[in-house]
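Protein sequences appear in the order of chains S and W. Residue numbers for the first sequence follow the numbering used here, so the first one is 1 and each next one is one higher. Residue numbers for the second sequence follow the numbering used here, so the first one is 1001 and each next one is one higher. Below is one structure; the comments refer to it alone.
Number of protein chains: 2
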Amino acid sequence: MGDLWAGVEAEAARRLLRGAVGLFAAKGYGGASTREIAESAGMSPAAMYVHFATKAELLYRIVGTVHEAAHAAVAEVGNTTVVERVRAMVFALAAFHAAHQQAARVTQNELAALDSERWGVIRDLRDATEGLFLRQVELGVRAGVFDVADVPGTTRAIVSMCVDVARWYSPAGPRTPDEIGALYAHLAMRMLAVH
Amino acid sequence: MGDLWAGVEAEAARRLLRGAVGLFAAKGYGGASTREIAESAGMSPAAMYVHFATKAELLYRIVGTVHEAAHAAVAEVGNTTVVERVRAMVFALAAFHAAHQQAARVTQNELAALDSERWGVIRDLRDATEGLFLRQVELGVRAGVFDVADVPGTTRAIVSMCVDVARWYSPAGPRTPDEIGALYAHLAMRMLAVH
């Protein structure tokens, strides 16, 4: 799964993002101060502003990175049969939300803190990710390999189940992210009644 | 599904709880002030303190009520076959999280704001609700009516899928809470491979 922040150039910015995720997880976005976030990265608030002008900017970078990385994990699934593609997409989405549990949980909990323009960008990304699943499920139903009466409702339930892994998953628990991915891919195949 | 706050004696306390849910949903627990909550109920902060000594007290009442009501909805399912019991329990939990979407979403998002003693009480309630499902799935597997390799993992996925309805459900969307309940009961039966 790799490091969620590997694409962020400045090492100080990566420290700030990691610190902010930990503080938002512990205290909520409203409860964590910019001073604490800067301190968690060993910086002064003034040094932080070079990288992120506001706390809202930091949250938006976290939320945006989580959504882009989740979308990429699903989109990069190779071109194989519909069944194998959906299986691999569910594996990827569930394993992602286990591997990046804390950042994904903060993202889910703090969406209401985004202004409406930023929320619009994120909503489009979410719709695009769900759209990748929807198209494959529709293809599979048309090809007769899935048996699904309510295509949008069932697709939403599968995506929702994967995303919700971030709400309860703990790296201290009994399953690795890949084991979660494998279990959820199996359950999704059952939900789609693969013949 | 009825009114979540029907069991709260004082009408002013019910107004405060409804106002707090709306404000926590819009601004987060950290972002909503006690003054705003009191105003949303048409009261002064001093009048609010008669009912809830602190904002933390209000949040705990919301979180506690949601967990108790969800548990009761699942626990009150009648004594029938294992298959029908699990079907009805999934229906109840999914429909509950649609019907009480906003209060349940606030509950999920703000758990980190509870102190450790209160979180302990809530965690026990959550475990008890999941335990109701776990016992039935185990019974069904032993009776040969469910075909499940990973009983705790599959049970957790079913409960998680129902709880996550509160993250995305909108009463303005195409499905009623009962329609969500019926769809999720059907999907859970597939996940358990009912013979």
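From the three backbone atoms N, C-alpha and C, an ideal C-beta is built for every residue, glycine too. Since the model is a prediction, treat every value here as computed from it, not as a measurement.
Close Cβ partners of residue i (< 8 angstroms) along its chain, the five nearest in sequence each way excluded
i: alanine 185 of chain S; result: Arg87, Ala88, Val90, Phe91, Ala94
i: arginine 1156 of chain W; result: Glu1130
i: aspartate 115 of chain S; result: Ala56
i: alanine 69 of chain S; result: Leu4, Phe96, His100
i: isoleucine 37 of chain S; result: Leu16, Gly19, Ala20, Leu23, Met48, Lys55, Leu58
i: arginine 1167 of chain W; result: Arg1105, Gln1108
i: arginine 135 of chain S; result: none
Inter-residue spacing [alpha-carbon to alpha-carbon] between residue i and residue j
i: leucine 4 of chain S; j: histidine 100 of chain S; result: 8 angstroms
i: tryptophan 119 of chain S; j: alanine 104 of chain S; result: 16 angstroms
i: leucine 58 of chain S; j: alanine 20 of chain S; result: 7 angstroms
i: alanine 1013 of chain W; j: threonine 1034 of chain W; result: 14 angstroms
i: methionine 191 of chain S; j: alanine 1149 of chain W; result: 16 angstroms
i: valine 189 of chain S; j: valine 1159 of chain W; result: The sequence as given places methionine at residue 189 of chain S; valine does not occur at that position. So the alpha carbons of these two residues sit roughly 18 angstroms apart.
i: alanine 25 of chain S; j: arginine 85 of chain S; result: 33 angstroms
i: proline 1174 of chain W; j: alanine 1072 of chain W; result: 27 angstroms
i: glycine 1028 of chain W; j: alanine 32 of chain S; result: 12 angstroms
i: alanine 10 of chain S; j: threonine 1176 of chain W; result: 48 angstroms
i: arginine 123 of chain S; j: glycine 78 of chain S; result: 25 angstroms
i: alanine 1143 of chain W; j: glycine 1002 of chain W; result: 35 angstroms
i: glutamate 1076 of chain W; j: alanine 1172 of chain W; result: 28 angstroms
i: alanine 1006 of chain W; j: valine 121 of chain S; result: 39 angstroms
i: alanine 41 of chain S; j: glutamate 117 of chain S; result: 29 angstroms
i: phenylalanine 133 of chain S; j: alanine 1053 of chain W; result: 48 angstroms
i: aspartate 178 of chain S; j: leucine 187 of chain S; result: 14 angstroms
i: tyrosine 169 of chain S; j: leucine 1125 of chain W; result: 18 angstroms
Under 7 angstroms between C-beta atoms of residue i and residue j
i: valine 1145 of chain W; j: valine 1082 of chain W; result: yes
i: leucine 183 of chain S; j: glycine 1153 of chain W; result: yes
i: histidine 1067 of chain W; j: leucine 1016 of chain W; result: no
i: glycine 30 of chain S; j: glycine 1030 of chain W; result: yes
i: valine 1151 of chain W; j: valine 1163 of chain W; result: no
i: alanine 1193 of chain W; j: aspartate 1147 of chain W; result: yes
i: methionine 43 of chain S; j: methionine 1161 of chain W; result: no
Assigned secondary structure, residue i (DSSP; H/G/I helix, E/B strand, else coil)
i: aspartate 115 of chain S; result: coil
i: arginine 1175 of chain W; result: coil
i: glycine 28 of chain S; result: coil
i: valine 137 of chain S; result: helix
i: asparagine 109 of chain S; result: helix
i: tyrosine 49 of chain S; result: helix
i: tryptophan 1168 of chain W; result: helix
i: valine 1148 of chain W; result: coil
i: serine 1033 of chain W; result: coil
i: valine 1077 of chain W; result: coil
i: aspartate 1003 of chain W; result: coil
i: leucine 192 of chain S; result: coil
i: glycine 42 of chain S; result: coil
i: threonine 154 of chain S; result: helix
i: histidine 1186 of chain W; result: helix
i: valine 159 of chain S; result: helix
i: alanine 1010 of chain W; result: coil
i: histidine 1100 of chain W; result: coil
i: threonine 1129 of chain W; result: helix
i: threonine 1054 of chain W; result: coil
7 angstroms CB neighbourhood of residue i in its chain, flanking five on each side removed
i: valine 165 of chain S; result: Ala94, His97, Ala98, Ile180
i: threonine 80 of chain S; result: none
heavy atom of the ligand HEM below 6 angstroms from residue i C-beta
i: leucine 1058 of chain W; result: The ligand HEM is not part of this structure, which contains no ligands at all.
Proximal chain A residues relative to residue i, where beta-carbon distance stays under 8 angstroms
i: tryptophan 1168 of chain W; result: Looking at the structure shown, chain A is missing, and the protein chains on hand are S and W.
Contact set for residue i: own chain, Cβ-Cβ below 6 angstroms, skip 5 residues either direction
i: proline 1045 of chain W; result: Thr1034, Arg1035, Ala1038
i: glutamine 102 of chain S; result: Val21, Ala25
i: valine 8 of chain S; result: Arg14
> Quick check: the stretch 1102-1118 of chain W against the stretch 1059-1075 of chain W, are there 3 or more CB pairs under 8 angstroms?
Replying inline: yes
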